[in-house]
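Presented below is the structure to which this report refers.
Chains as they are written, first to last, in this note's numbering: chain P, 166 to 374; chain Y, 166 to 374; chain Z, 7 to 240; chain W, 7 to 240.
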């Protein structure tokens, strides 16, 4: 059994360290918040201007003025703060956010990432992704190992327009965990019941096992 | 009778317009606040972080946390705001402050100003003066026409280290009011009982009468 | 006369906005958007607008209302995905779209408000966003030079404000509003509540009034929620 | 462990500051200065410090205390006039002094906190401040390129703070403190009151805790007034 989305999120949650500030992208990364170990203190940054983001509100307690970067209604934890978008991206550029977790369409063996644009398709925009990947000290990508057509998303080089270059340090897919360094994907861990052969077959970029 | 300090301040107060933001330097410029016509709304900016600065506090009501750029205890008017030094100089650079009034040691006929340093003497620093003169839309200098030795302070070019270049639009001295444009001091008004001859004799820079 | 910033209505406040102008419009998604000003622009019928705004609203709310009326020539945004009419106009070439990173957008507004002609950001280095831009290295890291925005008007939504234009924002409805308020050549602010002078604590003001040229109390705020997400009570 | 930012005393908070380091020190004049940290530095006896601070205190208060003990190698300030010992050391060449415009000082701190490698400012163009600096013209106006500051520690004074490092400043004691808090590689904050988590309104926080590494409640604040000016009751 390869990891499902929750499996990926749970595995990434193990990478989160106590006493850190973390920015979670939309999709699987958002799920990571649910699996951060009890007793660990982690503050979530939302790039629209929150530190200390809490869970979704109880029904009836939604506040139109309080949303996250995915435009979802959220809550604030004790000790949270609100700030404007310039300060938010200022703290991102100044590398005050310890860890960024985001999704991707493609990642290359030298750490490039493509996650915002498919030529010929409707382009929605990069939002804050380019700022995050250009500045973050530590970035983990959460994604499926292959696209729906079965093509590897771990590539020698990205074929889609880039979001950022030389920035991704770690990828967690349904098949396993991979560190990116020295121009290669280094296998760190296989997902349960995933074989090395499968990973080799499905990884187009340089793989070190 | 040439103008005394209060006379200079009163004359400059006539230049202040209703509904404007004004930054007053230390010395004579500070006095200007006392002579702004009744009924006129003017907000004073203090570059340490105040808009809407009020008069000195009543005795016993001084607040160590509330001072102006001259480090004097002050008060806040209704409608005032407090901000940090970066925003304060940001609004100065962005030319949101309508008028800056400050003192000078020398002003040249092309609008240069020197007011921070005398070589060989203890140098205290430029404080915010260089930022103010480099950015302000409209700057009026308040000063004595001559130094204590009787030398003109309205010069062809400044002899002291500069604070800023091509920035001063108007000078009000004990002898009169002078606009600076086209590389000359243009006499606008003589102080009471001051003769043109005296001004001509005491103005070393190019004078247009 | 005095500062004379208070306006009675959106229509008074929006005077002088004409076709072809560049407008900054505050808000993130549908949160903290100047609803009254946008409705007023629809009424005014001004066209060929260039809008600097992080998002483009949804079909029937926010900037989507201007798009429906084909009043927008160009959008400068970071994310525009929630709007079918937008997509149609963009794909058909009726609407020009410049997509820029969200932090770059925020910082280019801020630069205008802080009197900085340009700022350097690493966002977009090595991507198509860098095309035509100066790339410069500082301490071993590459940055793009990005210019301060230049907008004729900024349309801003605040929670509370006073007659001097001092503003307080509420929660994440702050987002781009303070920077845009600082950046507009003329800044128009609508507030949910116009409070008496002296009612705002000077230490709590997010945007000092010096940046604000006109202010009015808005009406009928809908404050629509784009993604209503809740958890169950246990 | 968690974030573990709270320290019991100035002495715990200042751990790791050693001779030869560069420190940012908040405050304007004697207003909003980190009194407890400065006293602690005197006790620690660290020497050869480079201090980035708008002013240099007076003879017996503020940074003047460090100058008395000859602990400062270099001051980077905009105005330093209120201190006889300072003047003596400067004229004798014992103390190196770099005078820079006040706005440049503020903006170079801000640049560090905002991850901007450099900023452009017109302050000092055509003066000796411009010597050795890049001058660049944008839209017909000349600017100097100024680098972000790089400080080992920032010593900051706030009014209230919480265990997460969120800060609220009081009145003009704010001044340089928020920017320095954002700019230090390690930021140490002393507060008049350490309040429980949740006691600060998230909308009123001036400095989000992410910038703050250590925080403690200071003691015995003197808050000396440099120029006591009053008006008479009529």
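Built from N, CA and C at the ideal position, the CB exists for glycine as well.
Contact under 9 Å by Cβ, residue 24(Z) with residue 52(Z): yes
Residue 20(Z), DSSP secondary structure in three states: coil
Proximal residues, the segment 294–314 of chain P versus chain W, C-beta separation under 8 Å: 300
DSSP beta-bridge partners of residue 194(Z): 161(Z) and 220(Z)
Selection from 239(W), 218(W) and 178(W) that minimises the alpha carbon distance to residue 228(Y): 178(W)
Name the DSSP bridge partner or partners of residue 210(Z)? DSSP, once it has assigned bridges, lists no residue as partnering residue 210(Z).
Can you check the segment 290–369 of chain Y for any alpha helix (DSSP H) of at least 4 residues that lies completely inside it and give the ranges in chain order? 294–300 and 361–367
Suppose contacts are defined by Cβ-Cβ distances below 9 Å. Is residue 150(W) in contact with residue 135(W) by that definition? In this structure, residue 135(W) lies closer than 9 Å to residue 150(W) by Cβ.
How far does the alpha helix (DSSP H) with residue 55(W) in it reach, from first residue to last? Premise fails: residue 55(W) lies in the beta strand (DSSP E), 55–58, not in any alpha helix (DSSP H).
Once DSSP output is grouped into helix, strand and coil, what is the label at residue 241(P)? strand
Taking only runs of the alpha helix (DSSP H) that begin and end inside the segment 191–272 of chain Y, which ones reach a length of at least 4 residues, in chain order? 193–197 and 250–258
Would you mind stating whether residue 140(W) and residue 117(W) have Cβ atoms separated by less than 9 Å? no
Residue 139(Z) - DSSP class collapsed to helix/strand/coil: Residue 139(Z) falls in the coil class under three-state DSSP.
To test your reading of the DSSP string, which unbroken alpha helix (DSSP H) runs of 4 or more residues are found completely within the segment 45–130 of chain W? For the segment 45–130 of chain W, the full-length alpha helix (DSSP H) segments reaching 4 residues or more read 70–74, 90–98 and 108–119 along the chain.
Taking Cβ-Cβ distances below 8 Å as the criterion, which residues of the segment 164–193 of chain Z are in contact with chain Y? So the close ones are 168, 169, 170, 172 and 188.
Taking the DSSP output, what are the residues bridged to residue 237(Z)? 223(P)
Can you check whether the C-beta of residue 351(P) is within less than 9 Å of a C-beta belonging to chain Z? no
Could you tell me whether any Cβ in chain W is nearer than 9 Å to the Cβ of residue 200(P)? no
Which residues of chain W have a Cβ atom closer than 7 Å to the Cβ of residue 145(Z), listed in chain order? In chain order: 123.
Against residue 28(Z), what residues of chain P qualify as contacts under a CB-to-CB distance less than 7 Å, listed in chain order? Simply none; closest approach about 19 Å.
Thinking C-alpha only, which one of 232(Z), 70(Z), 123(Z) and 40(Z) is nearest residue 96(Z)? 70(Z)
Comparing the C-beta of residue 141(Z) with each C-beta of chain P, is any distance below 9 Å? no
Please list the partners that residue 209(Z) has in chain W, where partner means a Cβ-to-Cβ separation under 9 Å. Going along chain W in sequence order, the residues near residue 209(Z) (Cβ under 9 Å) are 165, 174, 175, 176, 177, 180, 210 and 212.
On the CB-based measure, 16 or more other CB atoms within 10 Å of its CB, does residue 166(Y) come out buried or exposed? exposed
To the nearest angstrom, how far is the alpha carbon of residue 62(Z) from that of residue 38(Z)? Looking at the two C-alpha atoms, the distance is approximately 13 Å.
Residue 360(Y) versus residue 216(Z) - alpha carbon distance: 41 Å
When 339(Y), 353(Y), 234(Y) and 259(Y) are compared against residue 312(Y), the one with the closest alpha-carbon: 339(Y)
Considering only their Cβ atoms, is the gap separating residue 163(W) from residue 218(W) smaller than 9 Å? no
Given this structure, state the Cα-to-Cα distance separating residue 218(Y) from residue 209(Y), to the nearest angstrom. 5 Å
Can you list the residues of chain W that residue 227(Z) reaches, using a CB-CB cut of under 9 Å? Simply none; closest approach about 18 Å.
Within chain Z, the residues that residue 235(P) reaches when beta carbons sit closer than 8 Å: 233
If residue 79(Z) and residue 105(Z) are in contact, beta carbons under 8 Å, what's the gap, nearest whole angstrom? About 16 Å; that fails the 8 Å criterion.
Which of helix, strand or coil DSSP assigns to residue 188(Z): helix
To the nearest angstrom, how far is the alpha carbon of residue 172(P) from that of residue 341(P)? 10 Å
Quick check on residue 260(P): buried or exposed, where buried means 16 or more other Cβ atoms within 10 Å of its Cβ? exposed
Show which residues of chain W have a CB atom less than 7 Å away from the CB atom of residue 327(Y). By Cβ distance, chain W contributes 132 and 133.
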